[in-house]
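Student:
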């Protein structure tokens, strides 16, 4: 059985691999972006469909599993901005979520 490391360094390495994917235009980009945005603010940005893992390369799915495993081992909530990636998340949100225009 393959073990997925879930320590802090492995989680940060996984996150630094996922962010450029989420900011790209590959077939996996939307799925990765949805995962990161669900972590950031699921109620407002949408949730991550578990079935989306089926459309990812194994290495990318393992990176998501690493992050989920890490988060599951920590007491309390840890959000991506606390890890120093707030600016990257703003870029991902701007790319994947259209701003809501005010109605007149």
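Residue numbers (the UniProt record's numbering): 1 to 104. Just so it is clear, CB atoms sit at the ideal spot from N, CA and C, and this is done for glycine as well.
So, is residue 66 buried or exposed, given that buried needs 16 or more other C-beta atoms within 10 angstroms?
Tutor: So residue 66 ends up on the buried side.
Student: Between the beta-carbon of residue 80 and the beta-carbon of residue 39, is there less than 7 Å?
Tutor: Taking 7 Å as the Cβ cut-off, residue 80 and residue 39 qualify as a contacting pair.
Student: Taking the alpha-carbon positions, what's the residue 86 to residue 28 distance?
Tutor: If you take the alpha carbons of residue 86 and residue 28, they lie about 21 Å apart.
Student: Helix, strand or coil, according to DSSP, for residue 48 in the structure here?
Tutor: In this structure, residue 48 counts as coil in the three-state DSSP scheme.
Student: Taking the CB atoms as reference points, tell me whether residue 31 and residue 15 lie closer together than 7 Å.
Tutor: No, the Cβ-Cβ distance between residue 31 and residue 15 is not below 7 Å.
Student: From which residue to which residue does the alpha helix (DSSP H) around residue 75 run?
Tutor: Where residue 75 is concerned, there is no enclosing alpha helix (DSSP H), given that its DSSP letter is neither H nor E.
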